[in-house]
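**Q** For the sequence shown, my numbering assigns the number 565 to the initial residue and increments by one for each residue that follows. Glycine included, each C-beta is placed from N, C-alpha and C at the ideal position.
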Amino acid sequence: MKPRPLRDNVLAMGAVDWDRRLFDSLIPLPDGTSYNAYLVRGRDKTVLIDTVEPTMLHVLMEQLEPVAAIDYIVSHHVEQDHSGSLPQVMQKYPKAIVLCSEKAKPMLIDHLGLDAERIRIVKDGETLDLGGKTLEFIYTPWVHWPETMSSYLREDRILFSCDFFGSHVATSEIYVRDEALVLEAAKRYYAEIMMPFRATIKGNIAKVEAKPIDLIAPSHGPVYGRPALIIDAYKEWISDLPRNEAVIPYVTMHGSTAKMVERLVGALVERGVRVQQFNRAGADIGKLAMSLVDAATVVIGTPAVHVGAHPQVAYAAMLANALRPKLKFASVVGSYGWAAKPVEQIAALIPNLKVELLPPVLAKGYPRAEEFKALDGLAETIAAKHRALNLT
Ligand code: FEO
Numbered sequence: 565m566k567p568r569p570l571r572d573n574v575l576a577m578g579a580v581d582w583d584r585r586l587f588d589s590l591i592p593l594p595d596g597t598s599y600n601a602y603l604v605r606g607r608d609k610t611v612l613i614d615t616v617e618p619t620m621l622h623v624l625m626e627q628l629e630p631v632a633a634i635d636y637i638v639s640h641h642v643e644q645d646h647s648g649s650l651p652q653v654m655q656k657y658p659k660a661i662v663l664c665s666e667k668a669k670p671m672l673i674d675h676l677g678l679d680a681e682r683i684r685i686v687k688d689g690e691t692l693d694l695g696g697k698t699l700e701f702i703y704t705p706w707v708h709w710p711e712t713m714s715s716y717l718r719e720d721r722i723l724f725s726c727d728f729f730g731s732h733v734a735t736s737e738i739y740v741r742d743e744a745l746v747l748e749a750a751k752r753y754y755a756e757i758m759m760p761f762r763a764t765i766k767g768n769i770a771k772v773e774a775k776p777i778d779l780i781a782p783s784h785g786p787v788y789g790r791p792a793l794i795i796d797a798y799k800e801w802i803s804d805l806p807r808n809e810a811v812i813p814y815v816t817m818h819g820s821t822a823k824m825v826e827r828l829v830g831a832l833v834e835r836g837v838r839v840q841q842f843n844r845a846g847a848d849i850g851k852l853a854m855s856l857v858d859a860a861t862v863v864i865g866t867p868a869v870h871v872g873a874h875p876q877v878a879y880a881a882m883l884a885n886a887l888r889p890k891l892k893f894a895s896v897v898g899s900y901g902w903a904a905k906p907v908e909q910i911a912a913l914i915p916n917l918k919v920e921l922l923p924p925v926l927a928k929g930y931p932r933a934e935e936f937k938a939l940d941g942l943a944e945t946i947a948a949k950h951r952a953l954n955l956t
């Protein structure tokens, strides 16, 4: 696609990656993604904001063909989907200087081997006068690396936020049109990479919100013509209180654990708790991550494999531990053949989760009346805990 104007002398560039289905060899991308770059021309200086994933370098280079000179390249974030094409763009524009945060400079040298002489650190709040257009740099750390920053184009009231507020969506639309679709993708993106940094994000939102913003132009997904859409969604996702929801990732080998999960889900729903149930065999881990954004309780369902937890649910527990959602309660249900220690094993996998462990329910073989009663009891405990916190 050719560059498209956002405002006078502000062009949206970059590449739509319709076919990408996995990010970081971990994160499923059901709707593809984009790597957005932007070109801002002032009377005196021209700035390129970010680059693209190296696999899409040819797209950016074609867009830059008519651009005779670039004075500065803003590098908001060192991860290679935005910085990976810097070496080639710097080669094309040998006088261009890379502008980045203090923490980003050594990282750009380590990750991309850039020439230190061509990198200039900009301070938090520093401005760059392009002639009739002013870029202000805003440090927004930990969205989602330590060096991340955003920039704000004062005259056009555009916030260039890089990963912050981004969404993995491949679309031919330049602006968000289908808000529900983009919010779903943005929530998936938040869940997978932003959620561990909720506390820092709160401060970053306050910082950028202090500016009058007409457009938020992220580096993944379409541009927000209604910034409140994504800012309000982020505020809800980072809020301290979870929802009256339970998430149940589970695996079953011969149907016993599935039967227990079925009983527990029914008992929770009867008691007014919303539930999301994921059979780990084949489940989209992005959906599981999204469900953890709001959930108050996680119950892991596992059969015993060689006396321990099933590796598939151990994976889910490790993922939840890494994403550090605002869960309050956790438990384990499952069945075993002759002996089992899944509870201790799962508890050891989730040290980052500040959860109260609720009594587990384990069945030797197929569950019977005694275990069904215990599952109803677990559902009652969960519902009562949620009620006590006034979760909605
Ligand atoms: Fe889009 Fe953290 O890279």
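What are the boundary residues of the beta strand (DSSP E) that includes E700?
**A** Counting along the chain, the beta strand (DSSP E) containing E700 begins and ends at 698-703.
**Q** Less than 8 Å between the CB of C664 and some heavy atom of ligand 1, yes or no?
**A** It does not: the Cβ of C664 is nowhere closer than 8 Å to a heavy atom of ligand 1.
**Q** Opposite K775 in the DSSP bridges: which residues?
**A** DSSP output for K775 lists no bridge partner at all.
**Q** From what residue to what residue does the alpha helix (DSSP H) around D645 run?
**A** Where D645 is concerned, the enclosing alpha helix (DSSP H) stretches over 644-647.
**Q** Applying the 10 Å Cβ sphere with the 16-neighbour rule, what's the burial state of H874?
**A** Flag for H874 reads buried.
**Q** May I ask you to report which of helix, strand or coil DSSP gives G819?
**A** G819 falls in the coil class under three-state DSSP.
**Q** My output table needs one value for R571: the three-state DSSP class, helix, strand or coil.
**A** Strand, per DSSP.
**Q** Kindly indicate which three-state DSSP category P786 falls into: helix, strand or coil?
**A** In this structure, P786 counts as coil in the three-state DSSP scheme.
**Q** Following a CB-centred definition, is S783 positioned closer than 8 Å to any heavy atom of ligand 1?
**A** Under cutoff, so the answer is yes.
**Q** L942 to L891, Cα distance in whole Å?
**A** Taking the straight line joining both Cα atoms gives about 16 Å.
**Q** For M758, which residues does DSSP report across the bridge?
**A** Its beta-bridge partners do not exist; DSSP assigns none.
**Q** Hey, is D727 close to ligand 1, as in C-beta under 8 Å from one of its heavy atoms?
**A** D727: yes, Cβ under 8 Å from ligand 1.
**Q** At what residues does the alpha helix (DSSP H) containing R951 begin and finish?
**A** Its alpha helix (DSSP H) spans residues 933-952.
**Q** For a quick check, are the C-beta atoms of V871 and V896 less than 9 Å apart?
**A** No, the Cβ-Cβ distance between V871 and V896 is not below 9 Å.
**Q** With a threshold of 8 Å (Cβ to nearest heavy atom), would E643 be considered close to ligand 1?
**A** Flag set: Cβ of E643 near ligand 1.
**Q** What does a CB cutoff of less than 6 Å around K823 pick up in its chain, not counting 5 residues either side in sequence?
**A** Once the five neighbours on either side are set aside, the close Cβ partners of K823 are P931.
**Q** What three-state label does DSSP hand Y798 in the structure shown?
**A** Note: Y798 maps to helix in three-state DSSP.
**Q** Could you give the first and the last residue of the continuous beta strand (DSSP E) run that contains Y930?
**A** Unbroken run through Y930: none, as it is neither H nor E.
**Q** So for A847, helix, strand or coil by DSSP?
**A** Three-state result, A847: coil.
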